[in-house]
């Protein structure tokens, strides 16, 4: 099946640790996105990438980093600088034409908990 | 900054009744809106969309209404079923410095009771 695979589904992090969330897509889409979701809140944009080797900060990029070395992969690292990382993280992808309409595909998310 | 938001955080309806979920937006330049459904522990799923040159659009059991004068849109679900229980988000396409991205509202939790 074509789609977006996020792993792991659940992740636990100790205080002060960096962790990396995986997002892989086999849709051949150029643009990829990372969103954070907190209870009672909508999705907020962390980082996005329009093309390989290029990415842009979203609305809440502080404490996060990304890379886009391959078209199909867009990993998100939650660094120790992120003071409140416990949240549900969602990855999405779309085509250049799909960006301006409903052509966004979402993964199933990773739930990160700080212990 | 510009925001997309919803009036009510929770909505409880009886099975078979119609549901109406509301959303207000602040960016008068927004020209495209999408409603998403999110079930617990899953990513959002597309329900229906509408462009700003339309007032109404219908899908299967769902209708979206857009009132540009008051910057308000609503999602109507006919004959609500237990499987409709989920969180519903409205979203707009945001024109960023480099490309586009979805800008989401806070969501409304819909609970369908038997």
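Protein chains in written order, with the numbering used here: chain F, 1 to 115; chain B, 1001 to 1114.
No residue lacks a Cβ here, since even glycine has one placed at the ideal position from N, Cα and C.
In this text the structure is predicted, and so the values were computed from the model without any measurement.
Worksheet item: In terms of alpha-carbon separation, which member of B:1086, B:1060, B:1065, B:1071 lies closest to residue 1079 of chain B?
Response: Mapped onto the second chain, residue 1079 of chain B falls at position 79. Residue 1079 of chain B has its Cα closest to that of B:1060, out of B:1086, B:1060, B:1065, B:1071.
Discussion item. Tell me the rounded alpha-carbon separation between residue 1019 of chain B and residue 89 of chain F.
Written reply: Working through the second chain from its first residue, we reach residue 1019 of chain B at position 19. Working through the first chain from its first residue, we reach residue 89 of chain F at position 89. Residue 1019 of chain B and residue 89 of chain F: Cα-Cα distance of roughly 28 Å.
Worksheet entry | Presumed contact (8 Å Cβ cut-off) between residue 1100 of chain B and residue 44 of chain F, rounded CB distance | If you number the second chain from 1, residue 1100 of chain B lands on position 100. If you number the first chain from 1, residue 44 of chain F lands on position 44. Between residue 1100 of chain B and residue 44 of chain F a beta carbon distance of about 16 Å is seen, past the 8 Å cut, so the two are scored as non-contacting.
Worksheet item: Shorter than 8 Å from the beta carbon of residue 74 of chain F to some beta carbon of chain B?
Response: Taking the first chain and counting its residues from 1, one reaches residue 74 of chain F at position 74. Closer than 8 Å: no.
Worksheet item: Of the residues that make up the stretch 27 to 48 of chain F, which ones have a beta carbon closer than 7 Å to any beta carbon in chain B?
Response: 31, 33, 40, 41, 42, 43, 45, 48
Worksheet item: Should residue 1057 of chain B be flagged as near chain F, meaning a C-beta pair shorter than 8 Å?
Response: Reading the second chain from its first residue, position 57 is the one you call residue 1057 of chain B. Closer than 8 Å to the CB of residue 1057 of chain B there is not a single CB belonging to chain F.
Discussion item. Under 8 Å, Cβ to Cβ, is there at least one residue of chain B near residue 106 of chain F?
Written reply: Translated into positions along the first chain, residue 106 of chain F becomes position 106. Yes, its Cβ sits closer than 8 Å to a Cβ of chain B.
Item to complete: Using a threshold of 8 Å, state whether the C-beta atoms of residue 1056 of chain B and residue 1024 of chain B are closer than that.
Response: Sequence index remark: in the second chain, residue 1056 of chain B carries index 56 (1-based). Sequence index remark: in the second chain, residue 1024 of chain B carries index 24 (1-based). No, they are not a contact pair.
Worksheet item: For residue 1012 of chain B, which residues from the same chain have a beta carbon less than 7 Å from its beta carbon, with the 5 sequence-adjacent residues on both sides left out?
Response: In the second chain, the residue the question calls residue 1012 of chain B occupies position 12. Within its own chain, the residues whose Cβ lies closer than 7 Å to the Cβ of residue 1012 of chain B, once the five positions on either side in sequence are excluded, are 1111, 1113, listed in chain order.
Worksheet item: Using CA coordinates, which residue listed in B:1083, B:1097, B:1104, B:1093 is at the minimum distance from residue 1051 of chain B?
Response: If you number the second chain from 1, residue 1051 of chain B lands on position 51. Nearest to residue 1051 of chain B by alpha-carbon distance, out of B:1083, B:1097, B:1104, B:1093, is B:1093.
Worksheet item: Is there a Cβ from chain F that is less than 8 Å from the Cβ of residue 1019 of chain B?
Response: Residue 1019 of chain B sits at position 19 when you count from the first residue of the second chain. For residue 1019 of chain B, the answer is no, since every Cβ of chain F falls outside 8 Å of its Cβ.
Worksheet item: Under 8 Å, do residue 1032 of chain B and residue 1044 of chain B count as touching if we go by C-beta distance?
Response: Here residue 1032 of chain B corresponds to residue number 32 of the second chain, with the count starting at 1. Here residue 1044 of chain B corresponds to residue number 44 of the second chain, with the count starting at 1. No.
Fill in: C-alpha gap between residue 33 of chain F and residue 20 of chain F, whole angstroms
Taking the first chain and counting its residues from 1, one reaches residue 33 of chain F at position 33. Taking the first chain and counting its residues from 1, one reaches residue 20 of chain F at position 20. Cα-Cα distance, rounded: 15 Å.
Worksheet item: Rounded to the nearest angstrom, how far is the Cβ of residue 56 of chain F from that of residue 1109 of chain B, given a contact under 8 Å?
Response: Your numbering for residue 56 of chain F matches position 56 in the first chain. Your numbering for residue 1109 of chain B matches position 109 in the second chain. Contact doesn't hold; Cβ gap of about 31 Å is too wide.
Practice prompt. Work out the CA separation of residue 1090 of chain B and residue 91 of chain F for me, nearest whole Å.
Written response: The residue given as residue 91 of chain F occupies position 91 in the first chain. The residue given as residue 1090 of chain B occupies position 90 in the second chain. One C-alpha to the other measures close to 18 Å.
Item to complete: With a 10 Å radius around its C-beta and 16 neighbouring C-beta atoms as the bar for buried, classify residue 1041 of chain B as buried or exposed.
Response: For the purposes of this step, residue 1041 of chain B is taken as residue 41 along the second chain, with counting starting at 1. Exposed is the call here.
Worksheet entry | Proximity to residue 1038 of chain B [Cα-Cα], best of B:1015, B:1085, B:1065, B:1103 | Translated into the one-based positions of the second chain, residue 1038 of chain B becomes position 38. The candidate whose alpha carbon is nearest that of residue 1038 of chain B is B:1085.
Worksheet item: Starting from residue 1092 of chain B and walking both ways along the beta strand (DSSP E), at which residues does that stretch end?
Response: For the purposes of this step, residue 1092 of chain B is identified with residue 92 of the second chain, where counting begins at 1. Bounds of the beta strand (DSSP E) holding residue 1092 of chain B are 1086 to 1096.
Discussion item. So, with DSSP's three-state summary, where would you put residue 1083 of chain B?
Written reply: Numbered from 1 along the second chain, position 83 holds the residue referred to as residue 1083 of chain B. If DSSP states are grouped into helix, strand and coil, residue 1083 of chain B belongs with the helices.
Practice prompt. Identify each residue in the stretch 78 to 93 of chain F for which the Cβ-Cβ distance to at least one residue of chain B is less than 9 Å, and report them in chain order.
Written response: 88, 90, 91, 92
Item to complete: At 7 Å on the CB atoms, spell out the chain F contacts of residue 1098 of chain B, in chain order.
Response: Locating residue 1098 of chain B in the second chain gives position 98, counting from the first residue. Near residue 1098 of chain B (Cβ distances below 7 Å), the residues of chain F are 50, 56.
Worksheet item: Is the shortest distance between the beta-carbon of residue 1102 of chain B and the beta-carbons of chain F less than 8 Å?
Response: Locating residue 1102 of chain B in the second chain gives position 102, where the first residue counts as 1. Output row for residue 1102 of chain B: interface = yes.
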